[in-house]
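Working notes for the structure below.
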Amino acid sequence: MLDEKLEPIFADVLRRNPGEDEFHQAVREVLDCIGAVIAKNPDYAEGALIERICEPERQIIFRVPWVDDKGNVQINRGFRVQFNSALGPYKGGLRFHPTVLLGTVKFLGFEQVFKNALTGMPIGGGKGGSDFDPKGRSEGEIMRFCQSFMTELFRHLGEHTDVPAGDIGVGQREVGFMFGQYKRMTNRYESGVLTGKGLMWGGSRVRTEATGYGAVYFVERMLRTRNQEFEGKRVIVSGSGNVAVYTIEKVHQLGGRVIACSDSDGYVVEEAGHGIDLPLLKEIKEKKRGRIADYAKARGAGAIYVPGGRIWDVPADIAMPSATQNELTGHDARTLIKNGVMAVGEGANMPCTPEAVRAFLDAGVLFAPGKAANAGGVATSALEMQQNASRDSWSFEATEKRLATIMHGIHDRCAEMAETYGSPGNYVLGANVAGFIRVAEAMRSLGVV
Ligand code: GLU
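Each residue of the sequence shown is one higher than the one before, counting from 155 in the numbering used here.
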């Protein structure tokens, strides 16, 4: 399947990045898609351009020492992978989760390069994070960790250099603690150095909602190509973090019914009424930092909690995997297809395994890959940077309108590229080709750097 020019390049990626399965998976998907581009335009394979795209510009790994509430010294590992800056300063979130390894950050950074290119905005790609586990930690511990993390990271950042934001385990609270430490260490109120900030201190309206809202806008546009809409559809959304919550909100606004969501312990199904009770879910997840089991308990008889189960067993018209990478397997995909799923939209980064993606495409299910469908978050981060640069702040309506226009633009670009390269309706191909061409064009213009 891999183009013969790309085979040795991929073999080299495997050899030079041992054990980094997720990174291999992300690179493989892009290389699988760009064979046709290289065939049409061999210039893109000149000057080791593809090899350069697969090699991060800079990888930073550092020790993060901090003191817990009992007075014990804790050690975590911090990462920032500055992957590609051909289109603009490195841009991408920070993930705090115990499973984070260098390979995880590299896969996310690689995806980010193409995602950011797809938005059409002037941002390069990067990603960072730590194996720190925020679960069960007090606010004081979270703050001390964030301060220690930024004490090293600050020297690598800047509004024209590298602009982090949130991801799993990093929300407005953590961005606040990191921004505070950056401000203290640099003695600069440099708003544009981080995005996902609070509205009172340089944040943008709609940034909180953007990833979930954007994913729904993308899927809505995709459904329209088959004269379908969210109205009246049964939808399942995995996860219950920032992406999931605002996916549910937008689906409800468009008349769809979200009947299930989940966390790493299990899932909840609610068939009655409007499905998931969003105000209650927000209260439990955002305010109380509780679990789906707590939500189910609070809902009582109407909600069925399934500990440890697979949310993909729930029959639905539309599935929005919005939790984490490789959460939806080939087996899950076949179950969804058997139950009649018509569309799948990836709110998370790479939530479907390659086998699952193949199964959806083969079955003719509309499939929106994460690097296109979840680009609304980072696109709104770029809008936040614009507002910071002009010391301005836009209304909710104006910002949401920009987000919708951007998502529709991404959809249409992917659809057009899929058609140009002979696979109409294949958004995986469309997204990878469209993202790749933008990055490759810029890199060629900038010479060997
Ligand atoms: N972490 C988000 C993503 O995966 C957002 C990044 C950002 O806003 O910079 O795209």
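We put the CB at the ideal spot given by N, CA and C, even for glycine.
Item to check | CB contact flag (Phe237, Gly201, <9 angstroms) | outcome: no
Checklist entry - Going by DSSP, which residues form a beta bridge with Ser392? => result Pro475
Item to check | Inter-residue spacing [alpha-carbon to alpha-carbon] between Pro461 and Glu440 | outcome: 21 angstroms
Checklist entry - How big is the Cα-Cα spacing for Val329 and Met155? => result 42 angstroms
Checklist entry - Curious, which full-length beta strand (DSSP E) runs of at least 3 residues does the segment 300 to 331 contain? => result 316 to 319
Checklist entry - With which residues is Leu482 paired in a DSSP beta bridge? => result Cys506
Next on the checklist: With a threshold of 8 angstroms, are at least 3 pairs of Cβ atoms found where one atom belongs to the segment 384 to 393 and the other to the segment 406 to 416?
Outcome noted: yes
Item to check | DSSP state of Asn341 mapped onto helix, strand, coil | outcome: Looking at Asn341 - three-state DSSP - the assignment turns out to be coil, as it is neither helix nor strand.
Item to check | Reduced DSSP category for Cys208 - H, G, I as helix; E, B as strand; rest coil | outcome: coil
Next on the checklist: DSSP three-state label for Gln228, please.
Outcome noted: strand
Next on the checklist: Can you list, in chain order, the residues of its chain with a C-beta nearer than 7 angstroms to that of Lys525? Leave out the 5 residues immediately preceding and following it.
Outcome noted: Glu265, Phe268, Lys269, Leu272, Ala585, Gly589
Checklist entry - Tyr336: buried (16+ other C-beta within 10 angstroms of its C-beta) or exposed? => result Buried, since its Cβ has 16 or more Cβ neighbours within 10 Å.
Checklist entry - What's the C-alpha gap between Gly290 and Leu203? => result Rounded to the nearest angstrom, the gap between the Cα atoms of Gly290 and Leu203 is 45 angstroms.
Checklist entry - Looking at the structure shown, is Ile214 part of a helix, part of a strand, or coil, going by DSSP? => result Three-state DSSP puts Ile214 in a strand.
Checklist entry - Comparing the CB of Gln266 with every heavy atom of ligand 1, is any distance shorter than 8 angstroms? => result Distances from the CB of Gln266 to the heavy atoms of ligand 1 include at least one below 8 angstroms.
Item to check | Supposed contact pair Tyr400 and Met561 - C-beta distance, whole angstroms, cut 8 angstroms | outcome: Contact check for Met561 and Tyr400: beta-carbon distance about 13 angstroms, past the 8 angstroms limit, so the pair fails to qualify.
Next on the checklist: Short of 8 angstroms in beta carbon distance, which residues of its chain neighbour Gly444, apart from the five on each side in sequence? Order them along the chain.
Outcome noted: Ile438
Item to check | Opening and closing residue of the beta strand (DSSP E) in which Ile188 lies | outcome: Taken as a continuous stretch (DSSP letters only), Ile188 belongs to no beta strand (DSSP E), being part of the alpha helix (DSSP H) at 175 to 194.
Item to check | Residue closest to Ile214, alpha-carbon to alpha-carbon, out of Leu515, Pro252, Leu256 | outcome: Leu256
Checklist entry - Does ligand 1 have even one heavy atom less than 8 angstroms from the beta-carbon of Lys649? => result Since the first residue shown for the chain is 155 and the last is 603, residue 649 is missing from the structure and cannot be characterised.
Checklist entry - Do Glu538 and Ser358 have their CB atoms nearer than 9 angstroms? => result yes
Next on the checklist: Quick check: the Cα distance between Lys351 and Val360, rounded to an integer number of angstroms?
Outcome noted: 11 angstroms
Checklist entry - How would you label Lys304, buried or exposed, when you count the other beta carbons within 10 angstroms and need 16 or more for buried? => result As written in the sequence, residue 304 is Met, which differs from the Lys given in the question. Label assigned to Met304: buried.
Item to check | Three-state secondary structure assigned by DSSP to Lys245 | outcome: strand
Checklist entry - Where does Ser535 fall in DSSP's three states? => result In the three-state reduction of the DSSP assignment, Ser535 falls in the helix class.
Item to check | Ala193, buried or exposed, once every other Cβ within 10 Å from all chains shown has been counted against 16 | outcome: exposed
Item to check | For Gly278 and Gly242, believed in contact at Cβ under 8 angstroms, the rounded distance | outcome: 5 angstroms
Checklist entry - Using the beta-carbon count (16 or more within 10 Å), is Ile446 buried or exposed? => result buried
Next on the checklist: Quick check on this structure: which residue in Phe514, Ile322, Gly501, Lys224 has the alpha carbon closest to the alpha carbon of Thr483?
Outcome noted: Phe514
Checklist entry - Ordered along the chain, which non-local residues of its own chain (more than five positions away) have a Cβ less than 7 angstroms from that of Ile188? => result Asn586, Val587, Phe590
Item to check | Rounded straight-line distance, which links the Cα of Ser535 to that of Ala552 | outcome: 15 angstroms
Checklist entry - Which residues share a DSSP beta bridge with Asn238? => result Gly279
Checklist entry - Below 9 angstroms between beta carbons: does that hold for Val625 and Gly323? => result The shown model of the chain, from 155 to 603, leaves out residue 625, and the question about it has no answer.
Checklist entry - Residue range of the alpha helix (DSSP H) that Ala364 falls in? => result 361 to 378
Checklist entry - Mind checking whether the beta-carbon of Val235 lies closer than 8 angstroms to any heavy atom of ligand 1? => result no
Checklist entry - Nearest to Asn480 by CA position, among Tyr343, Asn226, Gln382, Phe261, is which residue? => result Phe261
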